[in-house]
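Chains as they are written, first to last, in this note's numbering: chain A, 503 to 771; chain B, 218 to 512; chain C, 31 to 382. The C-beta atom is built at its ideal place from N, Cα and C for all residues, glycine as well.
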Amino acid sequence: MTAHIGTADIGTADRSAPLLEVEAVSVRYGAVTALTAVDLAVGPGEIVAVVGPNGAGKSSLMGVIAGIVAPAAGRVRFRGEDILGQPLERTVRRGIAFVPEGRHVLSGLTVLENLVLGATVRADRAAVAADIDFFLDLFPVLRERRDQPAGRLSGGEQQMLVIARALMSRPALLILDEPSLGLAPRITDRVYETVAEVRGRGVSILVVEQNAARALKAADRTYVLNGGAVRLSGTREALAGHPRFEVAYFGLADAEHEGAGGQEGQEGK
Amino acid sequence: MTANAIQILVDALSVGGLYALTSLGIGLIFSVMRLANFAHAEFVTVPAYVMFALSGHPALMSIGAAVLTAVALALAVERIAFRPLRRVDPAAMLVASFAVSMLLQKLLVFAVGSRIVPLDPLPMLGEAIRFGGVQVSALKLVTILACVVLLAALTWFLRRTRFGLEMRAAAENFTMSRLLGVRANRVIAIAFALSGVLAAVVAVLFSAQTGFVQPRLGVQLVIVGFVATVIGGLGSLFGAAVGGLAVGAAATLLQAFLPPELRPFREAFLFAAVILVLLVRPQGLFPARGLKERV
Amino acid sequence: MIDAGTVRRLVPLLLLVGLVLAATLLAGTAGIVVQRRVTLGLINLVAVVSLYVFMGNSGVLNFSTVGFMAIGAYSSALLTMSPAAKATFLPDLPAWLAAAQLHPAAGALAGGMVPAAVALAVGPPIMRLSGIAAGMATLSLMFIAYIVLGNWTSLTGGQQSLMGLPIYVGLWTATGGAIFAVAVAFAYQETRWAIALRASREDEVAARATGVGVVRQRLVAFVLGAFLAGIAGVLFAHFLGTLRVESFYLDPAFLFIAMLVVGGARSLTGAVAGVAAISVLTELLRLTEIGVPLPATGIVVATPPGLGDVALAAAMLLIILFRPQGIAGGREIALPGRPKAAGRLPRTRSSR
């Protein structure tokens, strides 16, 4: 029973000085246990994915890291410092930009105002203006609609905006919760192109996906979360050829339609 | 236009303007923390008493003292009474604001007694102004002017300043704003401070119109302010301003045109309108964005 | 056919009734001033219990209790005053009402039924609202009642005091009223309707999904609460013998809500505890205003008048701040060592 609950790490990525360390985090909502002793690490410059079916506990895990959800047990360290139990607005000041599921543009504010708000924690006005220009160049559609309420953008445009807004804080770690949810494949491609580009600029990325294939392709390392625990984790190369991942991977892809229970049972045996 | 119509128009605008400032003061706080703040009544009454205590001093000085008092009071109430309750549900905060209001009111009664005291913070505006054949109260004109200036200033603050942007963001989605680095405590404190400024201005103008102060001075205003906020749309500042103006205008018009035997009931019509609006458009006439009860 | 289970279920009721009786018996041995204070406290208890029936079970904020109290008080007054008194104070009454003089019991029944009927008429739309909107709507109801009663001069005397009511409420009548209210509230909260309503209090969406008719269940509680509020108004009217609309405005509205919140809005025990705690506190503060003689010195220490009100409001605020679930914390009173009666309720604290 305990054999598959712990992290079965089969990767060889450099874990010498992780940026983010999640240690034995458990989350409970009343009588319901959402996460059980989850460990996770993100190294500098890494793209790390967390995949798993609906209800696997992915969003709870991201909530804990962002400071929205208080865990029942465990520790979260960022650059070696304990960050649990801090006010929410501290998260971004530490260098963690969190893009929650569902996009959450501030729909009554203009595109430009959204971007300006993204830089709330920065004092370097000139550089902020330059960054805004950079993102408006990167996403020309945002430039076109710079002074329109963000609520009028399409879903894909809103996703671009929230990513740009998050990056406006110049974070060390960008957390994306379900960035491809409800987007057309072409737009999802664009999102992941941006992710790759952002990493090239030295930002680490932690991305949560139901779309396991997409995440596996983009990530250096992937964690498979199911039933509130990490079932498997490893580098792209290690996982791609690993028989157990094949089971988990296809199982999870199926699970979106059929529920995770049966698959989990199979894997346990 | 006849002289009478102009009189009624000036009345409607000056009363509506005061109500608009009151409902904006309530609406500012509601929009960022979902608190319907009863204690706003005392944010009006207390500075009025400060002006009474400073009667005889230059008007500018007593008005300045009134504004400072209101801001300090609003900030203190937020810090002591509401901050600890922020995570409790809105109904508990409403009851707490009721308790704060009562506490301040009883403190006033204890300190200065419950009798009515005369107050004229703007004695220089006692004269009426003549336009041709029409006599208009200078005080009412100044009231209208002050309301227009304050509304414009508030709009500028919200649209053009960094804190204004943060407040609008917090009003729409508090959690997301905090994730972007907006400091919850600071935004809420600014909202309370602004609310205090608005309340102090209302105290000056309203007590100048009535000519007296008593410990319940603010209560009636705030009740009407609530009505206006609900009608305009809880959480929407534009709605609060329009709602206040509309309620003031409606009250003046009802007073002018309702058959005499129904006039005493005119406020009952207003409250019936509140219930009606809540039923037909529970979010008010100008619904705010993202008005979810906060988690 | 009383088995052990039934007895155990009735324990909270018996204990609460015992508490009321104990207060009455204690007051009976004291002077007339204390007796009158206790009587007023018991009348307040009826009002707070009426508030509990709706607010406690539904979790929906309600400011309208004093409005229904006022309606009950004036209904009973108009039906039981002598025609001579009415001719003096209310010369413009319609003829049939001017001539009516019912037995006090019939007047009291009407004093409960009229508010209940009003609640039944205005309730259905309002019961759809929750949270702040419900607070605003019921607050509006209270203001409407206040404005209409305060200006309907031919019927109520308007801003004048209405005098000449038969005075038949004393300590024991009020005790009877309090026990009646507690028993009705207890009987109601044991019904399946009330249990469904409390389920909706914990999670309105889920309750709606499982087919609980939330609006209808709330209406039942609202009408029953209005009936009891009317009874409280009747007791109040015929205790004082005079009526003023000011008696049914913001101050008592605040007092009753504060009593319920301080005691704990989620149980009948909380309602009773809140009334008891605040009444005792008020009384102590009043005593210090009169003056407390320091033993062996001949010096009388008195606090300045008005300080009591300040302390009361401060105490309520402190309780709301530091014990938001109230004295009773949602539980019913129980004998030591027994399982807590409210244990069967879901004990989620999701709202905070």
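message: Checking 7 Å against the spacing of the C-beta atoms, do V607/A and L663/A come in under that value?
response: Counting from one through the first sequence, the residue named residue 607/A turns up at place 105. Counting from one through the first sequence, the residue named residue 663/A turns up at place 161. Pairing V607/A with L663/A gives a Cβ-Cβ distance under 7 Å.
query: With a Cβ-Cβ cutoff of 7 Å, do S94/C and L43/C count as a contact?
result: Position 64 of the third sequence holds residue 94/C. Position 13 of the third sequence holds residue 43/C. For S94/C and L43/C, no; Cβs fall outside 7 Å.
- request: Look at the alpha carbon of S381/C and the alpha carbon of L252/B, and state the distance between them as a whole number of angstroms.
  value: For the purposes of this step, residue 381/C is taken as residue 351 along the third sequence, with counting starting at 1. For the purposes of this step, residue 252/B is taken as residue 35 along the second sequence, with counting starting at 1. The predicted model places S381/C with a pLDDT of 32, which falls under 50 and marks its position as unreliable; any figure quoted below should be read in that light. Each residue's Cα considered, the two are about 15 Å apart.
message: Considering only the alpha carbon of each residue, which of Y725/A, F641/A and L590/A lies closest to E695/A?
response: Start at 1 with the first residue of the first sequence, and residue 695/A comes out as number 193. Considering only Y725/A, F641/A and L590/A, the residue with the shortest C-alpha distance to E695/A is F641/A.
- prompt: For the putative contact between F488/B and I174/C, defined by C-beta atoms under 8 Å, what is the C-beta separation to the nearest angstrom?
  reply: By one-based count along the second sequence, residue 488/B stands at place 271. By one-based count along the third sequence, residue 174/C stands at place 144. Between F488/B and I174/C the beta-carbon gap is near 5 Å, inside 8 Å, which marks them as a contact.
query: Is it right to say F474/B is buried, meaning 16 or more other beta carbons lie within 10 angstroms of its own, or is it exposed?
result: One-based indexing of the second sequence puts residue 474/B at position 257. By the neighbour-count criterion, in which 16 or more other beta carbons inside 10 Å mark a residue as buried, F474/B falls on the exposed side.
query: Do we get a CB-CB distance below 7 Å when we pair L396/B with the residues of chain A?
result: Position 179 of the second sequence, counted from the start, is the residue given in the question as residue 396/B. At a cut-off of 7 Å between C-beta atoms, L396/B counts as an interface residue with respect to chain A.
message: Please list the terminal residues of the continuous beta strand (DSSP E) segment that includes E523/A.
response: Indexing the first sequence from 1 puts residue 523/A at position 21. Residues L522 to Y531.
message: Along the stretch 410-426 of chain B, where does the CB come closer than 9 Å to a CB of chain A? Name the residues.
response: Cβ contacts with chain A come from no residue of the stretch 410-426 of chain B.
query: What's the C-alpha gap between V447/B and L495/B?
result: Reading the second sequence from its first residue, position 230 is the one you call residue 447/B. Reading the second sequence from its first residue, position 278 is the one you call residue 495/B. The straight-line gap separating the alpha-carbon atoms of V447/B and L495/B is approximately 7 Å.
message: On the DSSP letters alone, give me the boundaries of the beta strand (DSSP E) that L675/A sits inside.
response: Numbered from 1 along the first sequence, position 173 holds the residue referred to as residue 675/A. Bounds of the beta strand (DSSP E) holding L675/A are L675 to D679.
CA-to-CA distance, L537/A to V732/A, given in whole angstroms: Walking along the first sequence from the start, residue 732/A turns up at place 230. Walking along the first sequence from the start, residue 537/A turns up at place 35. Each residue's alpha carbon lies about 9 Å from the other.
field: Contact residues within the stretch 479-494 of chain B, judged by C-beta distance below 8 Å to chain C
entry: Listed in sequence order: P481, F482, E484, A485, F488, A489, V491 and I492.
Opening and closing residue of the alpha helix (DSSP H) in which F286/C lies: Mapped onto the third sequence, residue 286/C falls at position 256. First-last of the alpha helix (DSSP H) with F286/C: L280 to G293.
field: Supposed contact pair L265/C and I73/C - C-beta distance, whole angstroms, cut 8 Å
entry: As a position in the third sequence, residue 73/C is number 43, starting the count at 1. As a position in the third sequence, residue 265/C is number 235, starting the count at 1. Taking C-beta atoms under 8 Å as the contact rule, I73/C and L265/C qualify, at a distance of about 5 Å.
- prompt: Taking three-plus beta-carbon pairs below 8 Å as touching, is the stretch 445-459 of chain B in contact with the stretch 272-285 of chain B?
  reply: With a cut-off of 8 Å on Cβ pairs, the stretch 445-459 of chain B is not in contact with the stretch 272-285 of chain B, counting fewer than three such pairs.
message: Would you say V594/A lies against chain B (beta-carbon separation less than 7 Å)?
response: By 1-based counting over the first sequence, the position of residue 594/A is 92. Taking Cβ atoms only, chain B reaches closer than 7 Å to V594/A, which makes this a yes.
task: Would you mind sorting H133/C into buried or exposed? The rule is 16 or more other CB atoms within 10 Å of its CB.
output: Within the third sequence, residue 133/C is the residue found at index 103, counting from 1. H133/C comes out exposed.
- prompt: Comparing alpha-carbon positions, which option in A52/C, L270/C and L258/C lies nearest L192/C?
  reply: Stepping through the third sequence from its first residue, residue 192/C is reached at position 162. When each option's Cα is compared against that of L192/C, the closest is L270/C.
- request: Determine which residues of the stretch 610-633 of chain A have a Cβ less than 9 Å from any Cβ of chain B, and write them out in chain order.
  value: Here the close residues are G610, L611, E615, N616, V618, L619, G620, A621, T622, V623 and R624.
message: Check this for me: beta carbons of A149/C and V253/C, under 7 Å apart or not?
response: The residue labelled residue 149/C in the question sits at position 119 within the third sequence. The residue labelled residue 253/C in the question sits at position 223 within the third sequence. V253/C sits close to A149/C, with the two beta carbons spaced by under 7 Å.
task: State the DSSP-derived secondary structure class of R222/C, mapped to helix, strand or coil.
output: Start at 1 with the first residue of the third sequence, and residue 222/C comes out as number 192. Helix, per DSSP.
message: Which residue wins for smallest C-alpha separation from F210/C, given the options R67/C, A34/C and V79/C?
response: Looking up residue 210/C in the third sequence gives position 180. Of R67/C, A34/C and V79/C, the residue nearest in Cα terms is V79/C.
Within chain A, partners of M393/B - CB distance below 8 Å: Within the second sequence, the letter at position 176 stands for residue 393/B. Residues of chain A whose Cβ lies closer than 8 Å to the Cβ of M393/B are, in chain order, P602, H606 and L608.
- request: State the start and end residues of the unbroken beta strand (DSSP E) segment that holds L608/A.
  value: Counting from 1 along the first sequence, the entry for residue 608/A is found at position 106. Counted as a single uninterrupted DSSP element, the stretch harbouring L608/A is not any beta strand (DSSP E), since DSSP gives it neither H nor E.
- request: Could you list the residues in the stretch 310-325 of chain B with a C-beta less than 7 Å from some C-beta on chain C, going in chain order?
  value: Close to chain C, meaning a Cβ-Cβ distance shorter than 7 Å, are the following residues of the stretch 310-325 of chain B: L311, V312, A313, F315, A316, V317, M319, L320, K323 and L324.
query: Start and end of the alpha helix (DSSP H) containing T248/B?
result: Stepping through the second sequence from its first residue, residue 248/B is reached at position 31. Rather than Thr, the amino acid found at residue 248/B in this sequence is Ser. DSSP places S248/B inside the alpha helix (DSSP H), whose first and last residues are A220 to M250.
field: Identity of the residues DSSP links to L495/B by a beta bridge
entry: Along the second sequence, one-based indexing puts residue 495/B at 278. DSSP, once it has assigned bridges, lists no residue as partnering L495/B.
- prompt: Beta-carbon separation of L227/C and A164/C under 7 Å?
  reply: To locate residue 227/C, count along the third sequence from 1; it is residue 197. To locate residue 164/C, count along the third sequence from 1; it is residue 134. No.
message: Quick test of your reading: G233/B and G465/B, contact by CB under 8 Å. State the CB separation rounded to the nearest angstrom.
response: Against the second sequence, residue 233/B aligns to sequence position 16. Against the second sequence, residue 465/B aligns to sequence position 248. Indeed, because the Cβ distance is near 3 Å, the residues count as touching under 8 Å.
Residue interval of the alpha helix (DSSP H) (run including L40/C): On the third sequence, residue 40/C is found 10 positions in, with the first residue counted as 1. First-last of the alpha helix (DSSP H) with L40/C: A34 to G58.
Where R347/B falls, given that 16 or more other Cβ within 10 Å makes a residue buried: Residue numbering aside, residue 347/B sits at position 130 when the second sequence is read from its first letter. Under a 10 Å Cβ-count criterion, R347/B is classified as exposed, with fewer than 16 other Cβ atoms of the shown protein chains found around its own Cβ.
message: Spatial neighbours of A282/B within its chain, please: C-beta separation below 7 Å, excluding the five flanking residues on both sides.
response: The residue given as residue 282/B occupies position 65 in the second sequence. Result list for A282/B: V267 and L271, in chain order.
- prompt: Rounded to a whole number of angstroms, what is the C-alpha to C-alpha distance between P369/C and R38/C?
  reply: For the purposes of this step, residue 369/C is taken as the residue at position 339 of the third sequence. For the purposes of this step, residue 38/C is taken as the residue at position 8 of the third sequence. Low local confidence applies: a pLDDT of 44 at P369/C is under 50, so the model's placement there is unreliable, and no value is given.
task: Taking Y176/C as part of the alpha helix (DSSP H), name the residues at either end of that continuous run.
output: The residue given as residue 176/C occupies position 146 in the third sequence. G161 to N181 is the span of the alpha helix (DSSP H), which, as asked, contains Y176/C.
field: Candidates N713/A, R605/A, E680/A and R624/A: closest to R596/A by CA position
entry: Taking the first residue of the first sequence as position 1, residue 596/A is located at position 94. Checking every option, the nearest Cα to that of R596/A belongs to R624/A.
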